[in-house]
Amino acid sequence: MTRKKVTLKRIPNDAARRATFRNRLKDLVKKASELATLYNGKACVIVYGEGEMKHEMWPSVAEAVPILHRYKAMPDIGQCKKTEQIYKARRENHELHTASLVHKAMLGRLPGLKGLTFEEVTNVG
């Protein structure tokens, strides 16, 4: 028998919300453990619950710390698949800003290029 689709919304009943959180956390940890076992890889799970004073972590802190250090040591490209899109958007924004400054300078709205940073003056030039 298939499960029905669950609508994602906040559970208003506190006891039911905490019980659901515990069950889903247990399932998440089980999946992470299965992935690590099946693919002979390293995995860790850190979950901060609503109103909880401490986090839930799998595996132990001693085992998770080297995994987190390795992750932090990775270049940004390894951490974020959309890094290339982010760099492209930043470059386009920079070019549009420079074009806007050139346009304002040509119209005489930036007399003597006052109020611009050194980088902006260099780009306009």
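FYI, UniProt numbering numbers position 33 of the sequence shown as 33, with every residue one higher than the one before it. Beta carbons are placed, not taken as given, at the ideal position from N, Cα and C, and that holds for glycine.
Nearest to residue i by CA position, among the options, is which residue?
i      : options                           : result
Val-6  : Asn-13, Asp-14, Thr-20 and Lys-26 : Thr-20
Cys-44 : Leu-38, Glu-50, Arg-24 and Met-57 : Met-57
Ile-46 : Glu-34, Leu-38, Tyr-39 and Pro-59 : Pro-59
Alpha carbon to alpha carbon, how far is residue i from residue j?
i       : j       : result
Arg-70  : Ala-36  : 16 Å
Met-106 : Ser-100 : 10 Å
Arg-91  : His-103 : 18 Å
Leu-8   : Ala-16  : 14 Å
Tyr-48  : Arg-10  : 16 Å
Thr-98  : Pro-111 : 16 Å
Lys-54  : Asp-27  : 19 Å
Asp-14  : Met-74  : 39 Å
Ala-32  : Arg-24  : 12 Å
Could you have a look at residue i and say whether DSSP puts it in helix, strand or coil?
i           : result
Val-121     : helix
Glu-34      : helix
Val-47      : strand
residue 150 : As displayed, the chain neither begins before 1 nor continues past 125, which places residue 150 out of reach and without an answer.
Asn-23      : helix
Thr-83      : helix
Met-53      : coil
Gly-112     : helix
Arg-17      : helix
residue 128 : The chain is shown only over 1 to 125; residue 128 falls outside these bounds and no answer can be derived.
In terms of residues, what are the limits of the beta strand (DSSP E) holding residue i?
i      : result
Glu-56 : 56-58
Less than 8 Å between the CB atoms is what I'm expecting for residue i and residue j, so what's the real figure, rounded?
i      : j      : result
Ile-67 : Lys-42 : 5 Å
Do we get a CB-CB distance below 7 Å when we pair residue i with the residues of chain D?
i      : result
Arg-90 : Judged by its chain identifiers, the structure shown contains no chain D, having just a single protein chain.
Tell me the residue span of the alpha helix (DSSP H) that contains residue i.
i      : result
Pro-66 : 61-73
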